[in-house]
Structures are given as C-alpha cells and as structure tokens.
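Colleague: Take this structure, written in structure tokens, and hold onto it; I'll ask about it next.
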Amino acid sequence: MKFKRKYLSIPYVLFMVLFVVVPILFIVYYAFTNKGGQFSFTNFVKFFSDSTNVNVLLISFVYAILNTIICLLIGYPIAMILANKKYNKSYVVVLLFIMPMWINFIIRTSATRDVLNWIGLSTGANSGITTMIGLVYNYLPFVILPLYSTMLKMDKSQIEASHDLGANSFQTFFKVIIPMTMPGIVSAATMVFMPTLSSYVISDILSEYNVVLFGSYIDLYFNQSDWNFGSFMALIMLMLIGISVFLTRKFSKDETGGRTSLW
Amino acid sequence: MKKLFSILLFVFAVLVVCSMKLNVKADENFSGRTLTIYNVEDYISNGEDGYVDIIADFEELYGCKVNYYTYDTNETMYNQFNLQKEGTYDLVCSSEYMLQKMIKEELVVPLENVAANIPNYDKYAAKVLREKFKSMEVKYKGSTVNLDQFVVGYMWGTVGIIYDPYCSDTIQEDVKSWDVFWNPTYKDLISIKNSLRDAFIPGLFHYYSQDAKFQALMSAYQEDPSDENCKAYNAYLQDLFDFKLDGSKESEAENMEKIAHVKDELTSMKKNIFGFEVDSGKNDIITGKIKLNLAYSGDAVFSIDTARDEADKYLEFYIPEDGSNNWYDGWVIPKGAKNVDLAYKFLDYLSDPANAADNMDYIGYTPYIVGDELFTLTGKWYGACDYDVNAEYLVEEEAYIIYNDELFSIIKDKPADLAIYPDNTEYFESCEYDSEAEYTCGDMVSNAGKFYNYIADEDGNGDLNDEEKFELIEGYDLSFLFEGSLTEGRRAIIYAYDGSQNELETQYPNEQILARCAIMNDFGIYNDDVVIMWSQVKASTNMTPVYIFLSVTVVLLAIGLTAYVVRKKIVTNYKKKLVKY
Chain B
0 MKFKRKYLSI PYVLFMVLFV VVPILFIVYY AFTNKGGQFS FTNFVKFFSD STNVNVLLIS
60 FVYAILNTII CLLIGYPIAM ILANKKYNKS YVVVLLFIMP MWINFIIRTS ATRDVLNWIG
120 LSTGANSGIT TMIGLVYNYL PFVILPLYST MLKMDKSQIE ASHDLGANSF QTFFKVIIPM
180 TMPGIVSAAT MVFMPTLSSY VISDILSEYN VVLFGSYIDL YFNQSDWNFG SFMALIMLML
240 IGISVFLTRK FSKDETGGRT SLW
Chain E
0 MKKLFSILLF VFAVLVVCSM KLNVKADENF SGRTLTIYNV EDYISNGEDG YVDIIADFEE
60 LYGCKVNYYT YDTNETMYNQ FNLQKEGTYD LVCSSEYMLQ KMIKEELVVP LENVAANIPN
120 YDKYAAKVLR EKFKSMEVKY KGSTVNLDQF VVGYMWGTVG IIYDPYCSDT IQEDVKSWDV
180 FWNPTYKDLI SIKNSLRDAF IPGLFHYYSQ DAKFQALMSA YQEDPSDENC KAYNAYLQDL
240 FDFKLDGSKE SEAENMEKIA HVKDELTSMK KNIFGFEVDS GKNDIITGKI KLNLAYSGDA
300 VFSIDTARDE ADKYLEFYIP EDGSNNWYDG WVIPKGAKNV DLAYKFLDYL SDPANAADNM
360 DYIGYTPYIV GDELFTLTGK WYGACDYDVN AEYLVEEEAY IIYNDELFSI IKDKPADLAI
420 YPDNTEYFES CEYDSEAEYT CGDMVSNAGK FYNYIADEDG NGDLNDEEKF ELIEGYDLSF
480 LFEGSLTEGR RAIIYAYDGS QNELETQYPN EQILARCAIM NDFGIYNDDV VIMWSQVKAS
540 TNMTPVYIFL SVTVVLLAIG LTAYVVRKKI VTNYKKKLVK Y
C-alpha cells in the first residue's frame, strides 16, 4: 500500500469528528427531544415562556459587553507601550502580563477571591463589581496579545507621514493608528466577548453564586439531570457564537475584501 | 486445518476447566474478585493521618480487590450511574431521596435475607432509625415498598445553622428561628448551601411558620416536649415537606402554591445573604468571613473541631425550632450487580460497630450503627460515660469514665484486651470530690452519684455548692438510640464536658431535637418545577440597570452604524466625483 500524503490528515479529521461534530450532534439531539427521547419542541417553549431564561441571557450580554469595553480600554494603551521598543527593551513587561496566563485560572480566581475580601471588597456584598474585576483580570491577556502582535507589524512610516502632513497626535491616533490596528481590536473583542457569555467559574467563585451568567445557568440544569433543557440552551449559545463570528468576519473585511482578522 | 482446529479445541477445554476451577475457588474465598463501590467523596476512613483504612483492611480480610469511585453530589451520581452500563457498580451510597427515586425507577434490587447476609446490620443498626426507613414508602414494580427493604443505612444527621456565638448580642435567640436568614443585622454574613434541597428548608419553614396552627403546635412542643406534642409537631412538619402526589387537581394547586411561596421567600432571602457556597462555607466561617452558615450536622462537627483546634475559635450549631430536615445516607445494590455476595460482606464489615466507630472517627458524621464501641468513642470526645471493659483507654485522650456512680480518670494506658475495672488504682484514679484538692478549669468531679464541671477561671478548691465554681451536669440521655446495643448494665447517658454540650447535641441529637426534624422525601413529578423555581431564585436580580444598559448600547450601535454607512456613502460619492474630473 502506497503512503499518500492525505493520510496525514486522518488524526485531525478523527479529532474534529470526535470532539467537535459528535458533541454538537448530541446537543442538537438532546435539545429537540424530551426526557423520554421523543422528538419535541418542549424545550423551545419552556425557554421562551419564562422571562428568567431570557433575562439571564441579557445579564450575560451586559457582562460580556462591559468586559470587552473595559478590557479594550485597559489593554490598548498597555499593548501600545509594550510594542514600543523604548519601554520594552528586554520584553520583561510582556512577560509580566502574560505570566498569569500560565497558571490555571481557577486557582487564580480563588486567590482573587481572598485578595478582594482581604482589601475589604466583599465578594458577597459587591458581587457585581467583584465579578467584573475577575472577568477583566482573566481576559486582559487575551486582549493584549492580539493587539500587541498587530502593533508590532504596524507600518511606522504611515504614522510619520501623518505627522508630516500636519496631523496632531490626536488625529494620528484616531485616523491612522486605530484603523491600522482594527484587525487586532476585532480579534481581541471576539476573544473576550464570546467566552465571557459562557463563562461561569469566575462569576460563581467571585460572586458567591449571586451573579448567574448563561454558562452557570446551563450548568444548573445539567446538574439537575435536565439534559434536554440544558442542551437547548447550549444550542442557543452556539447560535449566538455563530452569529458573532459571522458579524466579526463581515466587519473585519477591509476595502479590498480580504480577511485581516487574526482569528 | 485439522491441526488448528484441535489446538483451538484444546485451548477452549483448558479455558473451561480453568474458569470452573476459579468458580469453585471463588465460593470459598473472594480472591481474584473485584467489588466496585460508588460513594461520596471523603465519606469513608481512608488511612490518612493514622486513621484506619477501611477499604484496605477489607481487601486484606477477604482477599479481594475494591474499585472505589467517588462523586460530589447526588445528582452527579445519578447522571454518571445512568451513563454506565448495567452491572458496573456493586454498591452505591446516596441520600434517601435519591434512593427513593432509584427504587421507583427500578435501578436497584431489594436486599435479601438481611439477618443472614448482613448479620451485623441486623444486630447493630439503631432500631429507631430502621423504623424511619420503614416509614419511607415508595412504589416499586406496582407495589408499595419501604426503604428498609432496599437500603442499608450508613450515616445520618440533621440540617441546621452553624454560627459564631459572639457575632451579636441576640444571636442565641435569633438562631432559634429561620427568620435569622432574613434579619438585616446579619446582612452579608450568612451563606447557604448552593443546593436546591437544602435551601428549600428555610424557605418553606419561614413562610409556613407564620401559620396559626403551626405556631400553636410549635409552642406546645416548646413548652412541654412530651411524646404526644413532639409527635404532633413532627407529623405537621412532615406534612409540610411532602408533596401530595395523588394527582388530583387540588393537590396540584396546593403543591404549586407551596413552590411559589418558597420561591418568594428565597428570592427575598437572597438579598440579605452573603451568597451560596459549595464547599467554602466550612472554611469561611472559621476565618470569620461569614458568621452564619446553613450546615449538615456532620460538617458542623468538623467545623467546630477545626475552629477550636486551629483558630482558637468557638462555634455553635443549632437546629431552628421552626422545623428542619433529618437526612439519611445509605447503600443500595444496583440491578445487575455482579458481586452481590461480596457487597453483602462489605456492608456487614461496615456495620461492625468497631469499623463504624473508625469511620465516625475519621468522617465526623454519625453512623447508622450503634454499639459499645461507638458509645465509648462518643464519650471520649464529649464527656464522661459508663466504663467499657473491652475498650482501649489512653492517658493522652484525657477521658473521664464512670464506674459505680463514681468518676475516674486514666493514669496508665489500658489496652483493649486487659479485663480490669477502674477500681484498679494502677491504671485509674478516682475523681471523687475532695474539698482539699486543687482544681483547674475543665476538671470534672463526682460526688454522691452526681457530676460537676469545674468552671472557675482560677485554680482552687472551693465549695461544691458554689455555682460560680462547680456546675452540676445533667446527663444527656441517648437510650432511645442505643437501646439494646450496649453491654448489659451500661447506661446510654453522657455527662458532657464544659463546652462540649453543643457539639454532643450536634453529633447525636436527642429525641426532643429530632422531633422538629422531618424527612424530605423525593419531590417526584414536582422535581422539574422545583428546579425551575430554584433557577429563578438563583437568577433573580434587579433587571432595570440591565435593560437600561442594553437599550443604550443598542441605540449607540444604531447611531454608529448609520453614521458609518452615511459616511461611507459620502466618501464613495466624493471618490466618484474625483474620478469624473
């Protein structure tokens, strides 16, 4: 038997089928069956007949939007500083920001809980704020990295040209730097927005289970062995993720129609 | 070809003979056999820190192997159990309501001939507790059965509040009612288990305790805890817990009303508490992050011990007077289990009072089994009790024992197999009151059949009648539980050390405390509604800022998008014009 190059793809195809396609099929199957295994729309009706379910989704949206905005606001200047050779000669500063990512996030979050309570910010009384802090802390590296890499590749001569043509630093920033780093911003935003929608360990630990995001809501139903309803909500989340991927693709296309997003 | 066939035949024959031989051997002992057990995490003595390793000892005794799997919650267990193919597990441990559900769904098989197969359980399981199992009825294959026919009891306990007795002036009064969870004095100082069934308890009783009939029964029970009053109160609480499952319209309306009331109560409670916890509550109450915590009795014992030993902090446990829950964990044999005989042996091994005592020593929960060993251990922990000639007494345990109405302490290690009595002055020293002797706080003395704790701060002797110095101890009677299981003549009464009374009540609640604890049976078909109720409670929050924020975002996005499109149009038009010229 002759070895063909396409055999090399077998492990990858197997991996995709086992860990991506089959689970999604399972989710779809459970979402549209009832506990007895018959085809039904009960989960659909159940989801939209109780405002609590939609409310949880809306709350998750608020946390996800806020998290994305705050992360971008904090991460953008940091990425600029890091990309500037003057401040970041030995890459130590990059390391400082990336290092927390090497530690498991559950351990980090438990530690954050103790730190927050120690400085007097009670995780029980201010659960909204502490959850936000935890989310920003955990997702900041995901913003800095793509921004940092696009800024390194940024064409410096365009910035100089803009100065030469009389633009002040303010105008240069908004008219030249931001458009040039747009692909980084879009991928940073997707990296934060979508995982925040479904994140639940951070909100559980840092809000003492007071803030319920969509991820923990799904988990609640799975834990009570209601797999069908849990799967239906997981399907909704999958659809939302699909929509946001579609939208980001649409927006990250530049004038020539090519894809410039990192992800 | 023929040769190959004959070889195959030979191999087959050898295999058959071998397996037959193995079978014969297996009947004699259990070597080569494997028992698969599914239990809650940290729910058996496992040999850590010098405690007994129950599983290893069992393996050695019967020459078998034990596959020991664990889970965190009953619901996880149920999910996992149903995913495995039939016959994976030989023994499963779970809580009473989950066991009811499993019996109903015919996932488990009844016990056969308990007296012959599990003689220790038949002999040493507390009679009152087995009566409770007999009172828990459930449908199985069309007929009504009770839990005692299926379940071998393991541990039991109550649900109550563990609290810091110094956190406010009125706390001792406040914890007598579930109202404390709604009390603004303790805002953000309370945590509740993140479990629907546990949170259900305060919600239910906080609402229904306003009822006039409830109040009447409760005050009758509080003023005169006679048998009759206790029974009436307990029956009423039990009725509140139970969902009416007869399927009639009125029952359904009643059940849904109950769920709605609990939902309202829990939603308002959520605003007052610190939060929900899975496992952090035990630690948080010791560090002082929270002051009150809804806890199981066994966990409370652990927290009280740890707080005293490691943080020098005193905690107490109380079961509110307006009703609580009394739970039971037990073992069942799943349908299709392959090693039923070995499973019986394991259950018998666990039910041996000596092993049950080792288990209690490590886990801290109260076993279903009663007997001399367990009573002696409880005595060593919490107070003085009658002497047990078959027990080991060590000097370092600093235990007091009662013999012929006189108190003794141990001055030389007494091994288990040495049959001596406390009149032997080489090993024991009398603690009868002596007006000349010097006492320090924590000492215990006896005088004419009565027992006293020395409670004064400074050392000294003093008068036995001086209430500032000597406190008369009332015996804590556990005979309702230990009846018939102790050596002839040994009384089931413990005289608690100063400061141990509360922990003793936590470990072994007496009849009067148990009267206000009812069993929370499986919710049956209402489980789905309760889950929805719980998810609504968990997700309940002030939605106004969320709506405002989202509408502002949507408006901003719309404006931004229109601006973007308009600008783009203008730019393209301008470019077109440029091209034209």
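Residue numbers (numbering that gives the first Met the number 0), protein chains in the order written: chain B, 0 to 262; chain E, 0 to 580.
Glycine included, C-beta positions come from ideal geometry on N, C-alpha and C.
1. Would E:Tyr220 count as contacting chain B if we go by Cβ distances under 8 Å?
2. Between B:Asp268 and chain E, is the shortest Cβ-Cβ distance under 8 Å, so that the two count as touching?
3. Using a Cβ-based criterion (distance less than 7 Å to any ligand heavy atom), does E:Tyr77 qualify as near the ligand PLP?
4. What do you reckon, are the CB atoms on E:Gly363 and E:Ser499 nearer than 8 Å?
5. If the cut-off is 8 Å on Cβ atoms, which residues from the segment 87-116 of chain B count as contacting chain E, listed in chain order?
6. Name the chain B residues whose beta carbon is nearer than 8 Å to that of E:Gln535?
7. Count Cβ pairs between the segment 541-555 of chain E and the segment 54-70 of chain B that sit closer than 8 Å; are there 3 or more?
8. Just tell me which of E:Phe29, E:Lys290, E:Gly488 and E:Asp521 has its CA closest to the CA of E:Val179.
9. B:Phe192 touches chain E at which residues, Cβ-Cβ below 7 Å?
10. Any idea what DSSP makes of E:Tyr77, helix, strand or coil?
11. Rounded to the nearest angstrom, what separates E:Phe275 and E:His260 at their Cα positions?
12. Within the continuous beta strand (DSSP E) that includes B:Phe18, where are the two ends?
13. Can you tell me whether B:Phe141 is buried or exposed, with buried defined as 16 or more other CB within 10 angstroms of its CB?
14. Please report whether the beta-carbon of E:Ala231 lies at a distance below 8 Å from any beta-carbon of chain B.
15. Could you spell out the range, first to last residue, of the alpha helix (DSSP H) harbouring E:Ile200?
16. Taking 8 Å as the cut-off, decide whether the C-beta atoms of E:Gly370 and E:Tyr50 are in contact.
17. Does the distance from the CB of E:Gln237 to the CB of E:Ile518 come in under 8 Å?
18. Distance, Cα to Cα, B:Leu134 vs B:Ala78?
19. Since E:Lys64 sits in a beta bridge, which residues does DSSP pair it with?
20. Touching or not, the segment 74-81 of chain E and the segment 493-513 of chain E, by the rule of three or more beta carbon pairs under 8 Å?
21. E:Asp360: which of E:Ser350, E:Asp497, E:Leu373 and E:Glu470 sits nearest, CA to CA?
22. Would you please state the rounded distance, in angstroms, between the beta carbons of B:Thr195 and B:Asn66? I believe it to be under 8 Å.
23. Fully enclosed by the segment 348-422 of chain E, which beta strand (DSSP E) runs are 3 residues long or longer?
24. Which residues in chain E sit within 9 Å of B:Gly133, going by Cβ to Cβ distance?
25. Whole angstroms are fine: how far does the CA of E:Pro183 sit from the CA of E:Met268?
26. Assuming the contact rule is C-beta atoms closer than 8 Å, E:Phe407 and E:Glu391 should be a hit. Round their C-beta distance to whole Å, please.
27. Run down chain E in chain order and give the residues with a C-beta less than 7 Å from the C-beta of B:Leu57.
28. Can you pull the DSSP bridge partners for E:Cys516?
29. Could you check the C-alpha separation between B:Phe40 and E:Ile102 for me, to the nearest Å?
30. Check whether the segment 295-312 of chain E and the segment 55-69 of chain E are in contact - that is, three or more C-beta pairs closer than 8 Å.
31. How close, in whole Å, do the beta carbons of B:Val30 and B:Ser230 come, if the pair is a contact with beta carbons under 8 Å?
32. Just how far apart, CA to CA, sit E:Ile603 and B:Ile9?
33. Give me the residue from E:Ile117, E:Val113 and E:Ser30 with the minimum Cα distance to E:Lys64.
34. Give a yes or no on whether the minimum CB-CB distance between E:Lys568 and chain B is below 8 Å.
35. Expressed to the nearest angstrom, what Euclidean distance is found between the alpha-carbon atoms of B:Ile26 and E:Leu349?
36. Return yes when the Cβ of E:Val536 is within less than 8 Å of the Cβ of E:Lys262, no when it is not.
Modeller: Reading off the structure:
1. no
2. In the structure displayed, chain B extends from 0 to 262; residue 268 of chain B sits before or after that span and is not available.
3. In the structure on display, the ligand PLP does not appear, and there are no ligands present to speak of.
4. no
5. Asn116
6. Asp49 and Thr51
7. yes
8. E:Lys290
9. Under the 7 Å cutoff, chain E gives no residues; its nearest Cβ is about 12 Å from B:Phe192.
10. helix
11. 20 Å
12. It is not in any beta strand (DSSP E) - B:Phe18 carries neither H nor E in the DSSP assignment.
13. buried
14. no
15. Leu195 to Tyr207
16. no
17. yes
18. 19 Å
19. E:Thr33
20. no
21. E:Leu373
22. 5 Å
23. 382-385, 399-402 and 405-409
24. Simply none; closest approach about 14 Å.
25. 10 Å
26. Not confirmed; about 15 Å, so no contact.
27. Val545 and Leu549
28. E:Ser323
29. 30 Å
30. no
31. Per the sequence shown, residue 30 of chain B should be read as Ala rather than Val. Confirmed, about 4 Å.
32. There is no way to answer for residue 603 of chain E, as the model of chain E reaches only from 0 to 580.
33. E:Ser30
34. no
35. 42 Å
36. yes
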